[in-house]
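*Asks:*
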Amino acid sequence: TDPMEVSKAAADWAFVDAKGKPGVIIFTDSTYQIAIAKADRMKKEIEDLGGKVLEYVDTPIAETSQRMPQLTTSLLQKYGDEWTHSLAINDLYFDFMGPSLAAAGKSGTDAPINVAAGDGSESAYQRIRSSQFQKVTVAEPLNLQGWQLVDELNRAMAGEKWSGYISPLHVVTSDNVEFDGGPDNRFDPGNGYRDEYKKIWGK
């Protein structure tokens, strides 16, 4: 999946959901170049559309369990109702926000609305399905990507060019969470890709 398109899709969803007046906090991790690139793309998209980025938070994704509860409380105290949406480069940032939001009197569907630009973890699917502190994840089709990897290796060993295939972008919401692998809490396109790869491989 093109990470810049994933980031743009997440930012666009937040902008539309806020009726064109989002107050966004972006969560990223400067340990990873791709994380900064995705966060920068979200920031640019929100600002280009006329929205407001309240804060750009750089906090290690490996330390979300320790940092996010207090960070969430501090940001709520600082921005209050200005904070309409969170945009994060990964679902992990939202794994540990719920208790702090609930302690502040927020219901699972109150602002800030949490939107993840990438991943599609099991816990994210569960939060979206139950309307508990996350409304969107732009999910990665890991099974499909595994099959594609095998296909690309086969092509390389045969001296052929790579396929040029880019995994589909999939914005998961409560409206479509039960499709394309949703019952198993993952994005797994129901387009018959396994059978198509088997045909290519002569299986």
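The sequence shown maps to residues 50 to 252 in the working numbering.
Note that the Cβ used here is the ideal one computed from N, Cα and C, for glycine as well.
Look at the Cβ atom of THR186, then the Cβ atom of ASP140, and state whether they are nearer than 7 angstroms.
*Replies:* Less than 7 angstroms separates the beta-carbon of THR186 from that of ASP140.
*Asks:* When you compare the stretch 149 to 160 with the stretch 112 to 125, are there three or more beta-carbon pairs, one atom per stretch, that lie closer than 8 angstroms?
*Replies:* yes
*Asks:* Using CA coordinates, which residue listed in PHE182, THR50 and PRO238 is at the minimum distance from PHE145?
*Replies:* PHE182
*Asks:* Counting Cβ pairs, one atom from each stretch, are 3 or more of them under 8 angstroms apart for the stretch 188 to 206 and the stretch 234 to 247?
*Replies:* yes
*Asks:* So what's LEU103 in DSSP terms, helix, strand or just coil?
*Replies:* Residue state, collapsed to three classes: strand.
*Asks:* GLY251: buried (16+ other C-beta within 10 angstroms of its C-beta) or exposed?
*Replies:* exposed
*Asks:* Among residues of its own chain, excluding the 5 on either side of ASP78, which ones have a beta-carbon nearer than 6 angstroms to its beta-carbon?
*Replies:* ALA84, PRO109 and ILE110
*Asks:* Can you tell me whether GLY72 is buried or exposed, with buried defined as 16 or more other CB within 10 angstroms of its CB?
*Replies:* buried
*Asks:* Between GLU201 and the rest of its own chain, which residues show a CB-CB distance below 7 angstroms, the 5 nearest in sequence each way excluded?
*Replies:* TRP211 and SER212
*Asks:* Helix, strand or coil for PHE64? Go by DSSP, reduced to three states.
*Replies:* Residue state for PHE64 is assigned as helix, using DSSP reduced to three classes.
*Asks:* Can you tell me where the beta strand (DSSP E) holding SER170 begins and where it ends?
*Replies:* Membership of SER170 in any beta strand (DSSP E) is not indicated, and neither H nor E is assigned to it by DSSP.
*Asks:* Between the C-alpha atoms of LYS247 and PRO118, what's the straight-line distance to the nearest angstrom?
*Replies:* 46 angstroms
*Asks:* Taking the continuous alpha helix (DSSP H) assigned at VAL199, which residues delimit it?
*Replies:* 191 to 206
*Asks:* Any idea if LYS100 is buried or exposed, counting beta-carbon neighbours within 10 angstroms, 16 or more meaning buried?
*Replies:* A quick correction: the sequence has Gly, not Lys, at residue 100. GLY100 should be labelled buried.
*Asks:* Would you mind stating whether ALA59 and VAL164 have Cβ atoms separated by less than 7 angstroms?
*Replies:* yes
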